[in-house]
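Per UniProt numbering, the sequence shown starts with residue 1, numbered consecutively. Since the structure comes first, as C-alpha cells, the remarks are kept for the end.
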Amino acid sequence: MEAIQSADKTLFMYSSSVQDKIFDFYKEGKLTDVTWIVGSDEERIDAHSSICALSNRLKELILAHPSDKKKKLIRVPPSLTNSADELKSLLLLAYTGNLEESRSIIGYLELCERFDMPLGHAVCSRALPKFFAKTLLQPNIDVNQQKALRQIFIEAFEKTTSTEVHQAVLNVFRMHPLLFNDPSCLSNIPLDWILKVIKEKSLWMQSTGGYVYFGRSYITEVNQLLNNFFAVHDVNPIPVEFNSGDSMLAPLCMKDLDTQPFGFHSFAYDYNYSELPGSKNSYDKHPPGQWKVCALTGHVSRSWDGRQVLAGLDITYQNLITGRKEEVLWGHENDRLYTKHTIQVPEDDVITGAIINSGWLIDKLVFTTLRGMHMDALGGSDGGNRTVVEPSNFWRDSKPSVHNSILVAFHGIQYINIKSQGQILINRVTFHFSCVNEKAVITVNQDQGDFAIEILRNKRIIL
C-alpha cells in the first residue's frame, strides 16, 4: 500500500510539472499552434490547440480550419464572445484548472456553458461547495449574505445544463436546506431527489442563525420544508417516515467521561450514614439517539440537618420521533420528608450545563441551557463547593479519545443512594451528556464527513 501511495504521489507530481510547463509555454507564446482573433479590436491570443480542444466549441473551430498551415489563425465568432478577457479566463481554466479571482463563479459557469467545456464544469462543480462553505461555516449568516447565496444557487441552475454542477449545488442544499427554503430555489429541486435524500437519512436541518436541528426539532423543520416544497411543485403531500438509526435526524451517542462525582457523605458519628446497595442510572433504557430529557423533578429534603438538600431526581424523557414521554423515577418519594419541584425544558432548548453546590450531599442544582436560561433551582441550600459544568470546560480532564467530542445535551445521571438521619439521599452523582456520533455523521455524509464534523463544531444543536 505504501508503494502504491508513493507511485500515485510521483505520478501526481509529474502531471503537475507537465501542466506547469505547458502553461509557461502559453504565457511565453512558445510552441503555440493556433492564434485566436477576438472582438472588433481583433486582439490576438496564441495558444495550444490541444488545450483549446477541451472546449467543444473551440475544437469545432479548429477542426473546421484548414490544416495545411503550421499555425492556424482563427476568428472567434461573436456568438461565443467579443471579449478577449473572457477567452483568456477560459484558457486559464483549461491550462491550470484554476478560476480567476476577478471573475465570479457564475461568470465561469456561463462561460463553460457557452464554450461547451465539460472540464470547466467539473472544476466549477468542485469550487461551488467551497465557495458556499466560506459563508456557511460562519456561526450566523446575515440577510444580505443569504440573498447573495440564494441568487448564486438559482443561477447555478439557470446558467448551465451541466448535471455535475447541478449535483454539486443540490448537495449544498442537502446540508443547508433552510437557507434555500424559498419558492425561487425550491422550484429547481427535483421531487425524486429530495425524497431520495430523506430516505437515505442524509438531509440536514440547520438555520441561518447558527442552529442545527436534531430529533423533534428536525422532524418539525423537515415537515415545514416539505409543505413548502409540495406547494411550489403543485403536488399532493407525500408521507415521509422518520428513522433515527445512522441518520441526520439524531446522530447521537454517549461516551465514557471522566467527570467528577458530586456528594461524598461523611462517616461522622452523628449522621447515622449507610450506603444502599447498587449503583443506579436514569438513561439505560433511553439512549440519546432515540430520547431527550424534557423535564426533571427534584425531591428536596424538608430538613436535613436544618438544610434543604436535593434528595432525589426524577427524569422525564421524550421520544425524538413519536414525542411519547416516559418518566424514570428516583423511587423514594415521601411527602413527609421531601417536597417536589418540577422544571420543564423548553421545546426549542436543551440543557447543556449545570451549577452545582455540593459537599457531603447535593445542596443545590441549577441546570443551564443552550439559549442561556438558568432553570429553577432544585435544592435550597447554599452550602458546599460551587462547581460550574459547561461545554467550555466539560472535557478538560477527559481522555484524548473523548476530549474533542461535540457535546449536545444533558442526558441523565448515575448515582448511589445513601441513608442518613432517616432520609434516603442521592450521592456520588455523575452527570452524563449526549455527544455527536461522529462515525454516524461521516457514514451518512460519505466523502464530506470531515466537512460535516467541522460544521457541527461551529453550530449550536437543538433536539
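Here a beta-carbon is modelled for each residue, glycine too, at the ideal position from N, C-alpha and C. As the structure is a prediction and not an experimental result, all values here were calculated from the model.
Check your understanding: Okay, do the stretch 283-294 and the stretch 343-358 touch, 3+ Cβ pairs below 8 Å being the bar?
Key -> yes
Point to revise | Boundaries of the alpha helix (DSSP H) in which D450 is found, first to last residue | key: Taking the first residue of the sequence shown as 1, we reach residue 450 at position 450. Run containing D450: 449-457, per the alpha helix (DSSP H) assignment.
Review point. At a cut of 8 Å, does the stretch 126-144 reach the stretch 87-95 through at least three beta carbon pairs?
Key: no
Exercise for review: Go ahead and label Q423 buried or exposed: buried means 16 or more other beta carbons lie within 10 angstroms of its beta carbon, across all protein chains shown.
Suggested key: Sequence index remark: in the sequence shown, residue 423 carries index 423 (1-based). So Q423 ends up on the buried side.
Practice item. Would you tell me roughly how many angstroms separate the C-alpha atoms of N82 and F153, rounded to the nearest one? Key: The sequence position of residue 82 within the sequence shown is 82, counting from 1. The sequence position of residue 153 within the sequence shown is 153, counting from 1. Going from the Cα of N82 to the Cα of F153 covers about 27 Å.
Practice item. Keeping to the same chain, check which residues put their C-beta closer than 7 Å to that of S244; ignore five residues upstream and five downstream. Key: By one-based count along the sequence shown, residue 244 stands at place 244. The residues are A250, G289, Q290, L320, I321.
**Study point:** DSSP three-state assignment for I238, whether helix, strand or coil
**Key:** Stepping through the sequence shown from its first residue, residue 238 is reached at position 238. DSSP places I238 in coil when its eight states are reduced to three.
**Study point:** Alpha-carbon spacing of S381 relative to R307, whole angstroms
**Key:** Indexing the sequence shown from 1 puts residue 381 at position 381. Indexing the sequence shown from 1 puts residue 307 at position 307. In a straight line, the C-alpha of S381 is about 6 Å away from that of R307.
Exercise for review: On a CA-only basis, which of D234, H432, V309 is nearest L252? Give me that one, please.
Suggested key: Sequence index remark: in the sequence shown, residue 252 carries index 252 (1-based). Nearest option by C-alpha distance: H432.
Review point. Which residues in the same chain have their Cβ closer than 7 Å to the Cβ of L149, if we skip the five residues on either side of it in sequence?
Key: As a position in the sequence shown, residue 149 is number 149, starting the count at 1. The residues are F132, T135, L179.
Check your understanding: Quick one: any contact between the stretch 227-246 and the stretch 155-169, if contact means 3 or more CB pairs under 8 Å?
Key -> no
Check your understanding: Below 7 Å between beta carbons: does that hold for G331 and G359?
Key -> Looking up residue 331 in the sequence shown gives position 331. Looking up residue 359 in the sequence shown gives position 359. For G331 and G359, no; Cβs fall outside 7 Å.
Check your understanding: To the nearest angstrom, how far is it from the Cα of H286 to the Cα of M117?
Key -> As a position in the sequence shown, residue 286 is number 286, starting the count at 1. As a position in the sequence shown, residue 117 is number 117, starting the count at 1. Rounded to the nearest angstrom, the two C-alpha atoms are 54 Å apart.
Exercise for review: Please confirm whether A47 and V38 have their CB atoms less than 7 Å apart.
Suggested key: Translated into positions along the sequence shown, residue 47 becomes position 47. Translated into positions along the sequence shown, residue 38 becomes position 38. The answer is no: Cβ separation not under 7 Å.
Review point. Per DSSP, what kind of secondary structure is Q308 in: helix, strand or coil?
Key: Indexing the sequence shown from 1 puts residue 308 at position 308. Here Q308 sits in coil by DSSP.
Check your understanding: Which class does V222 belong to by DSSP, given the choice of helix, strand or coil?
Key -> On the sequence shown, residue 222 is found 222 positions in, with the first residue counted as 1. If DSSP states are grouped into helix, strand and coil, V222 belongs with the helices.
Point to revise | Option in G120, A168, A84, G263 with minimal Cα separation from Q448 | key: Translated into the one-based positions of the sequence shown, residue 448 becomes position 448. Among G120, A168, A84, G263, the Cα nearest to that of Q448 belongs to A168.
Practice item. On a CA-only basis, which of V444, N427, N404 is nearest N458? Give me that one, please. Key: Here residue 458 corresponds to residue number 458 of the sequence shown, with the count starting at 1. Of the candidates V444, N427, N404, the one whose C-alpha sits nearest the C-alpha of N458 is N404.
**Study point:** Beta-carbon contacts of I51 that lie in its chain and below 8 Å, excluding the five residues immediately before and after
**Key:** Counting from 1 along the sequence shown, the entry for residue 51 is found at position 51. Here the set comprises I22, Y26, L91, A94, Y95.
Check your understanding: From N357 to K255, what distance separates their C-alpha atoms?
Key -> The count along the sequence shown starts at 1 and reaches residue 357 at position 357. The count along the sequence shown starts at 1 and reaches residue 255 at position 255. Rounded to the nearest angstrom, the two C-alpha atoms are 25 Å apart.
Check your understanding: Who are the near neighbours of I105 in its chain, counting only those whose CB is closer than 8 Å to its CB and skipping five residues on each side?
Key -> As a working note, residue 105 is residue 105 in the sequence shown. Answer for I105: L99, C124, A127, L128, F131, I152, listed in chain order.
Review point. So which of V300, Q260, L276 has the shortest CA-CA distance to D376?
Key: Walking along the sequence shown from the start, residue 376 turns up at place 376. Ranking V300, Q260, L276 by Cα distance to D376 puts V300 first.
**Study point:** Other residues of its chain near residue 468: CB distance less than 7 Å, five sequence neighbours each side excluded
**Key:** Residue 468 lies beyond the range of the chain shown here (1 to 463); nothing can be said about it.
Check your understanding: Is the Cβ-Cβ distance between L61 and I74 less than 7 Å?
Key -> By 1-based counting over the sequence shown, the position of residue 61 is 61. By 1-based counting over the sequence shown, the position of residue 74 is 74. A contact, by the Cβ cut-off of 7 Å.
Exercise for review: Provide the residue span of the alpha helix (DSSP H) that contains L191, from first to last.
Suggested key: In the sequence shown, the residue the question calls residue 191 occupies position 191. Run containing L191: 191-199, per the alpha helix (DSSP H) assignment.
Exercise for review: Report yes if the C-beta distance between G412 and V389 is below 7 Å; otherwise report no.
Suggested key: Working through the sequence shown from its first residue, we reach residue 412 at position 412. Working through the sequence shown from its first residue, we reach residue 389 at position 389. The answer is no: Cβ separation not under 7 Å.
**Study point:** Cα-Cα separation between D305 and I219, rounded to whole angstroms
**Key:** In the sequence shown, counting from the first residue as 1, residue 305 sits at position 305. In the sequence shown, counting from the first residue as 1, residue 219 sits at position 219. Distance between the alpha carbons of D305 and I219: 48 Å.
Practice item. Just mark E454 as buried or exposed, buried being the case when its beta carbon has 16 or more other beta carbons within 10 Å. Key: The residue labelled residue 454 in the question sits at position 454 within the sequence shown. Exposed, by the Cβ-count rule.
**Study point:** Local Cβ density within 10 Å of V441, reported as buried at 16 or more and exposed below that
**Key:** Indexing the sequence shown from 1 puts residue 441 at position 441. It is buried - the Cβ of V441 has at least 16 other Cβ atoms within 10 Å.
**Study point:** Collapsed DSSP secondary structure at H233 in the structure displayed
**Key:** Indexing the sequence shown from 1 puts residue 233 at position 233. Residue state, collapsed to three classes: helix.
Review point. Excluding five sequence neighbours on each side, which residues of the same chain lie with their C-beta closer than 7 Å to the C-beta of E86?
Key: Taking the sequence shown and counting its residues from 1, one reaches residue 86 at position 86. For E86, where only same-chain residues beyond five positions count, the Cβ hits under 7 Å are L111.
Point to revise | Short Cβ contact (7 Å threshold) for Y211 with I406 | key: Within the sequence shown, the letter at position 211 stands for residue 211. Within the sequence shown, the letter at position 406 stands for residue 406. No. Outside cutoff.
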